[in-house]
Amino acid sequence: MDNSHVALVSMMLKAESFSPFRCDRNIALGINLTSLMKVLRCAQNEDILTLKAQDAPDVVNLVFESSESDRISEYDIKLMDIDQEHLGIPETEYAATITMPSAEFQRICRDLMALSESVAIEATKDGVKFSCSGDIGNGAVTLRSHQNVDKPELNVDIALSEPVALTFSLKYLVNFCKASGLSSTVKLCLSNEVPLLVEYTLASNSYLRFYLAPKIGDEE
Amino acid sequence: MGIKQLAQVIKDHAPDAIKVGEIKNHFGRKVAIDASMSIYSFLVAVRGNDGQQLMNEEGETTSHLMGMFYRTLRIVDNGIKPLYVFDGAPPKLKSGELAKRFARKAEATEAAEEAKETGTAEEVEKFSRRTVRVTREHNDECKRLLTLMGVPFIVAPTEAEAQCAVLARAGKVYAAASEDMDTLCFDSPILLRHLTFSEQKKEPIQEFFLDRVLAGLAMDRHQFVDLCILLGCDYVDPIPKIGPSTAVNLIREHGSLEKVVEFIQNDPKHRYTLPDDWPYKDARELFFDPEVRPADHPECDFKWNAPDVEGLVKFLVTEKGFSEDRVRNAAQRLNKNLKTAQQARLEGFFKPVQKTDDEVASLKRKNEEKRAESKKKQRVEAKAKKDAKAKPRGTA
Numbered sequence: 010m011d012n013s014h015v016a017l018v019s020m021m022l023k024a025e026s027f028s029p030f031r032c033d034r035n036i037a038l039g040i041n042l043t044s045l046m047k048v049l050r051c052a053q054n055e056d057i058l059t060l061k062a063q064d065a066p067d068v069v070n071l072v073f074e075s076s077e078s079d080r081i082s083e084y085d086i087k088l089m090d091i092d093q094e095h096l097g098i099p100e101t102e103y104a105a106t107i108t109m110p111s112a113e114f115q116r117i118c119r120d121l122m123a124l125s126e127s128v129a130i131e132a133t134k135d136g137v138k139f140s141c142s143g144d145i146g147n148g149a150v151t152l153r154s155h156q157n158v159d160k161p162e163l164n165v166d167i168a169l170s171e172p173v174a175l176t177f178s179l180k181y182l183v184n185f186c187k188a189s190g191l192s193s194t195v196k197l198c199l200s201n202e203v204p205l206l207v208e209y210t211l212a213s214n215s216y217l218r219f220y221l222a223p224k225i226g227d228e229e
Numbered sequence: 126m127g128i129k130q131l132a133q134v135i136k137d138h139a140p141d142a143i144k145v146g147e148i149k150n151h152f153g154r155k156v157a158i159d160a161s162m163s164i165y166s167f168l169v170a171v172r173g174n175d176g177q178q179l180m181n182e183e184g185e186t187t188s189h190l191m192g193m194f195y196r197t198l199r200i201v202d203n204g205i206k207p208l209y210v211f212d213g214a215p216p217k218l219k220s221g222e223l224a225k226r227f228a229r230k231a232e233a234t235e236a237a238e239e240a241k242e243t244g245t246a247e248e249v250e251k252f253s254r255r256t257v258r259v260t261r262e263h264n265d266e267c268k269r270l271l272t273l274m275g276v277p278f279i280v281a282p283t284e285a286e287a288q289c290a291v292l293a294r295a296g297k298v299y300a301a302a303s304e305d306m307d308t309l310c311f312d313s314p315i316l317l318r319h320l321t322f323s324e325q326k327k328e329p330i331q332e333f334f335l336d337r338v339l340a341g342l343a344m345d346r347h348q349f350v351d352l353c354i355l356l357g358c359d360y361v362d363p364i365p366k367i368g369p370s371t372a373v374n375l376i377r378e379h380g381s382l383e384k385v386v387e388f389i390q391n392d393p394k395h396r397y398t399l400p401d402d403w404p405y406k407d408a409r410e411l412f413f414d415p416e417v418r419p420a421d422h423p424e425c426d427f428k429w430n431a432p433d434v435e436g437l438v439k440f441l442v443t444e445k446g447f448s449e450d451r452v453r454n455a456a457q458r459l460n461k462n463l464k465t466a467q468q469a470r471l472e473g474f475f476k477p478v479q480k481t482d483d484e485v486a487s488l489k490r491k492n493e494e495k496r497a498e499s500k501k502k503q504r505v506e507a508k509a510k511k512d513a514k515a516k517p518r519g520t521a
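Chains as they are written, first to last, in this note's numbering: chain A, 10 to 229; chain B, 126 to 521.
Structural data, given as structure tokens:
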């Protein structure tokens with residue numbers, strides 16, 4: 010969760026994504042993301058990565074083995090206590106689920122960001138409309154369900170049980186879009202008065218999920 | 126003001142009860158602010174280059190308005206909805222403390238006069254800061270300013286902190302904001318400190334969680350209030366020779382103030398002496414049952430309105446000599462923050478997961494380890510200091 014408790018990220022890497030995978034009992038490792046980034050930068054693209062932690066660990070161990078040469082590099086990252094409270098995410102039946110090419114979503118967010126800080130997402134049976142208005146004017150992008158037989162990854166698919174209209178901060182969405190490189194499609198799940206779920210599906214049932222609290226008009 | 130050393134005690138015994146963060150982490154929340162305390166701090170702290178209070182051409186003080194206006198603006202800019210609570214009549218028990226404060230003020234006034242004649246500029250400034258008093262006019266002007274800004278306020282029947290606490294407890298606001306630690310004694314679940322500080326000070330906002338304070342001290346609320354009375358509050362005098370650590374130990378050992386008093390009276394060694402007049406039961410009564418408006422009272426229904434721009438200009442620019450550009454600019458910001466859709470927080474939708482017993486236990490262990498470590502460090506430092514002091518003498 011970010012400092013101001015607006016967005017939350019959750020990434021699931023299933024056991025199938027690893028080979029081999031061994032875990033004797035559940036264990037939580039608190040890792041500083043900045044530190045992890047530093048160490049991951051030491052890896053090369055084709056390296057084989059092994060993650061290891063002992064029982065009651067102080068450190069997590071990362072080993073990079075080069076597939077081409079006999080180079081082995083090994084790093085330990087000190088663990089930290091994460092004292093942030095943990096939010097439980099309830100299973101939700103979303104009113105609207107939109108699947109679209111991740112590059113398309115990224116483009117929409119970036120384009121609208123030029124005009125305004127926030128975007129209104131409206132899903133109806135006709136399609137989904139991303140609109141915004143700012144000081145210089147307003148803009149909108151509308152997508153309709155669309156099948157591309159040759160390239161199924163370009164499909165736009167809208168599943169809707171009831172119309173939804175919500176407003177979100179573009180700053181956060183643009184940041185979420187940085188994950189576009191991981192997956193060719195993105196899934197947006199919306200229900201009125203509920204945080205937006207942006208999901209990038211990864212190989213072997215794994216996923217990267219972002220949750221974003223909506224902007225709401227004043228209740229008074 | 127407040128409870129002596131309570132912040133330190135909490136830091137020592139319940140470090141996880143204090144969270145430090147930036148002001149913007151609190152956006153989207155409503156906060157009840159102890160207005161009287163804030164006005165006082167503005168009068169003390171908002172000064173011109175010469176160390177004098179800010180004044181308009183007629184020589185009327187404007188420090189409080191300056192502070193109220195710009196600090197409130199900063200709070201609103203960060204997406205927080207402030208709500209001010211003014212002090213009503215002080216409870217009778219406080220008269221002792223008030224009389225003392227009054228005497229101190231009188232003394233300081235005299236000293237200030239003297240310093241003006243004989244002392245340096247620095248001394249003059251020091252004493253003039255001590256003579257500050259919040260008058261009825263200051264309060265009324267601030268109320269007028271808040272009305273024009275569209276920010277709601279309420280006058281508490283007695284203590285403002287108590288009223289803030291009630292509003293926070295009832296969930297009308299997220300937290301009570303005060304510099305006064307006794308807000309916690311009034312059962313405010315969360316207390317924010319330093320919210321009305323100047324941006325230039327770069328003081329982070331401190332957040333105190335009452336439930337974690339109680340868990341860390343291993344006390345219930347009754348014992349906590351007893352501890353605060355023993356530490357020294359506004360209502361009764363502190364007992365000589367009882368400092369923070371003794372106070373914590375006494376309450377831990379004896380469980381309640383009654384028992385502590387009994388122990389002090391029957392102590393064969395007569396280590397401590399109670400002041401002659403020590404109405405601790407009344408003080409406790411005030412903490413547990415202060416005179417406040419219940420949160421469901423119609424007066425506690427708050428609305429944040431659009432600012433009255435022309436009214437603000439008339440009041441601040443025409444009457445008080447503020448810069449018109451800045452006031453109009455500020456009013457525009459107030460308007461904007463009120464109108465734009467408010468970013469919601471995830472807590473509104475997802476509830477925190479209860480910590481498991483294991484986690485609670487490990488947290489407790491870690492706190493204790495930390496405490497032991499800091500104590501050890503202190504001891505080592507103290508020893509090093511002593512050694513350093515002893516050495517030159519030995520070598521000389």
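In this text, a Cβ means the ideal position worked out from N, Cα and C, and glycines have one as well.
How big is the Cα-Cα spacing for residue i and residue j?
i: cysteine 51 of chain A; j: alanine 168 of chain A; result: 43 Å
i: valine 478 of chain B; j: asparagine 454 of chain B; result: 43 Å
i: alanine 160 of chain B; j: phenylalanine 311 of chain B; result: 17 Å
i: aspartate 159 of chain A; j: alanine 142 of chain B; result: 59 Å
i: glutamine 178 of chain B; j: cysteine 425 of chain B; result: 34 Å
i: valine 68 of chain A; j: threonine 133 of chain A; result: 50 Å
i: proline 467 of chain B; j: aspartate 85 of chain A; result: Reading off the sequence, residue 467 of chain B comes out as glutamine, not proline. Each residue's alpha carbon lies about 43 Å from the other.
i: lysine 297 of chain B; j: phenylalanine 427 of chain B; result: 9 Å
i: proline 215 of chain B; j: histidine 422 of chain B; result: 21 Å
i: valine 134 of chain B; j: lysine 511 of chain B; result: 25 Å
i: glutamine 390 of chain B; j: cysteine 358 of chain B; result: 21 Å
i: isoleucine 117 of chain A; j: histidine 151 of chain B; result: 30 Å
i: leucine 399 of chain B; j: glycine 380 of chain B; result: 18 Å
i: aspartate 402 of chain B; j: threonine 308 of chain B; result: 24 Å
i: valine 128 of chain A; j: asparagine 203 of chain B; result: 20 Å
i: valine 280 of chain B; j: histidine 319 of chain B; result: 22 Å
i: phenylalanine 440 of chain B; j: isoleucine 330 of chain B; result: 31 Å
i: lysine 268 of chain B; j: alanine 420 of chain B; result: 21 Å
i: leucine 131 of chain B; j: aspartate 351 of chain B; result: 12 Å
i: lysine 129 of chain B; j: phenylalanine 412 of chain B; result: 16 Å
Give the residues of chain B in contact with residue i, contact being defined as C-beta atoms less than 9 Å apart.
i: tyrosine 220 of chain A; result: Leu471, Phe474 and Phe475
Whole-angstrom Cβ separation of residue i and residue j, contact assumed at under 8 Å?
i: leucine 205 of chain A; j: leucine 175 of chain A; result: 7 Å
i: methionine 21 of chain A; j: serine 192 of chain A; result: With 8 Å as the limit, methionine 21 of chain A and serine 192 of chain A do not qualify as a contact, their Cβ atoms being about 13 Å apart.
i: isoleucine 158 of chain B; j: valine 210 of chain B; result: 7 Å
i: isoleucine 98 of chain A; j: tyrosine 220 of chain A; result: 7 Å
i: leucine 88 of chain A; j: isoleucine 40 of chain A; result: 6 Å
i: isoleucine 354 of chain B; j: alanine 408 of chain B; result: 5 Å
i: proline 432 of chain B; j: alanine 456 of chain B; result: 5 Å
List, in order along the chain, the chain B residues whose C-beta lies closer than 7 Å to that of residue i?
i: methionine 10 of chain A; result: Leu471
i: proline 66 of chain A; result: Under the 7 Å cutoff, chain B gives no residues; its nearest Cβ is about 14 Å from proline 66 of chain A.
i: proline 204 of chain A; result: Leu471 and Phe474
i: serine 178 of chain A; result: Gln468
In chain A, what lies closer than 9 Å to residue i by C-beta?
i: valine 478 of chain B; result: Glu94, His95, Leu96 and Gly97
Name the chain A residues that come within less than 8 Å of residue i, Cβ to Cβ?
i: asparagine 150 of chain B; result: Asn12, Ser13 and His14
i: lysine 491 of chain B; result: Asp90
Applying a beta-carbon distance threshold of less than 8 Å, which residues of chain B neighbour residue i?
i: leucine 17 of chain A; result: Leu471 and Phe475
By alpha-carbon positions, which one of the options ends up nearest to residue i?
i: glutamate 162 of chain A; options: A:Ala188, A:Thr194 and A:Pro172; result: A:Thr194
i: glutamate 332 of chain B; options: B:Lys144, B:Lys206, B:Asp137 and B:Lys149; result: B:Lys144
i: methionine 274 of chain B; options: B:Ala285, B:Met193 and B:Val291; result: B:Met193
i: valine 361 of chain B; options: B:Pro404, B:Lys394, B:Val373 and B:Glu324; result: B:Pro404
i: glutamate 444 of chain B; options: B:Gly173, B:Gln503 and B:Thr187; result: B:Thr187
i: glutamate 94 of chain A; options: B:Lys476, B:Met191, B:Glu493 and B:Asp483; result: B:Lys476
i: tyrosine 397 of chain B; options: B:Thr371, B:Phe413 and B:Arg196; result: B:Thr371
i: leucine 463 of chain B; options: B:Val201, B:Val156 and B:Asp137; result: B:Val201
i: cysteine 289 of chain B; options: B:Asp265, B:Leu270 and B:Ile315; result: B:Ile315
Give, in chain order, every unbroken run of the beta strand (DSSP E) that is at least 3 residues long and sits entirely within the segment 86-132 of chain A. As far as the segment 86-132 of chain A is concerned, its whole beta strand (DSSP E) runs of at least 3 residues are 105-110.
Which runs of the alpha helix (DSSP H) fall wholly inside the segment 369-400 of chain B and span at least 4 residues, in chain order? 369-379 and 382-391
Those runs of the alpha helix (DSSP H) which lie wholly inside the segment 130-190 of chain B and span at least 4 residues: 131-138 and 160-170
What residue ranges within the segment 176-206 of chain A form continuous beta strand (DSSP E) runs of no fewer than 3 residues, ordered along the chain? The qualifying runs are 194-199.
In chain order, what are the residue ranges of uninterrupted beta strand (DSSP E) at least 3 long that sit wholly in the segment 263-322 of chain B? Look at the segment 263-322 of chain B and you find these whole runs of beta strand (DSSP E), each 3 residues long or longer: 278-280, 300-302 and 315-318.
Length-filtered (3 minimum) beta strand (DSSP E) runs lying within the segment 43-89 of chain A: 57-61, 68-74 and 81-87
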